[in-house]
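Residue numbers (our numbering): 27 to 145.
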């Protein structure tokens, strides 16, 4: 949850969010962080998962909806799918038989995991 607090200000100072959008997104992030704090204090995994989903959704919306599909890992790129090619290239390399043998992962296909995919 550490990075969520800085995300709205980062997006605002880099021109991705307007000031009114910054205020709105910042309020949502503050709410999700408060929910996470309560969830942690009460040891409530469901509440923590709900807080994480709210924070992820608003952060992703900053780059997709508000920012017009800005690539969140390199905001100079106005293509949210830019990571797809990087992921494809990594998969092509790591899924080679000899690479799998060399790194002791033979038979296990590599798959990108960004927190939104399942094994």
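Glycine included, each C-beta is placed from N, C-alpha and C at the ideal position.
For clarity, every value in this text was computed on a predicted model and none was experimentally measured.
Could you check whether residue j and residue i sit closer than 7 Å to each other, using their CB atoms as the reference points?
i: residue 6; j: residue 47; result: No information on residue 6 is available, as it lies outside the stretch 27 to 145 that the chain covers here.
i: residue 84; j: residue 51; result: yes
i: residue 59; j: residue 65; result: no
Which of helix, strand or coil does DSSP assign to residue i?
i: residue 31; result: helix
i: residue 84; result: helix
i: residue 122; result: coil
i: residue 135; result: coil
i: residue 59; result: helix
i: residue 105; result: coil
Leaving out five residues before and five after residue i in sequence, what residues of the same chain have Cβ atoms less than 8 Å from its Cβ?
i: residue 136; result: 116, 117, 120 and 121
Measure the C-alpha to C-alpha separation of residue i and residue j and round it to an integer number of angstroms.
i: residue 36; j: residue 42; result: 9 Å
i: residue 124; j: residue 132; result: 8 Å
i: residue 72; j: residue 56; result: 18 Å
i: residue 95; j: residue 129; result: 35 Å
i: residue 63; j: residue 114; result: 37 Å
i: residue 82; j: residue 126; result: 33 Å
i: residue 78; j: residue 39; result: 24 Å
i: residue 86; j: residue 27; result: 14 Å
i: residue 134; j: residue 109; result: 22 Å
Tell me which same chain residues have a C-beta within less than 6 Å of the C-beta of residue i, skipping the five on either side of it?
i: residue 105; result: 97
i: residue 54; result: 84
i: residue 80; result: 58
Measuring only between beta-carbons, confirm whether residue i sits less than 7 Å from chain C.
i: residue 105; result: In summary, chain C is missing from the structure at hand, where a single protein chain is found.
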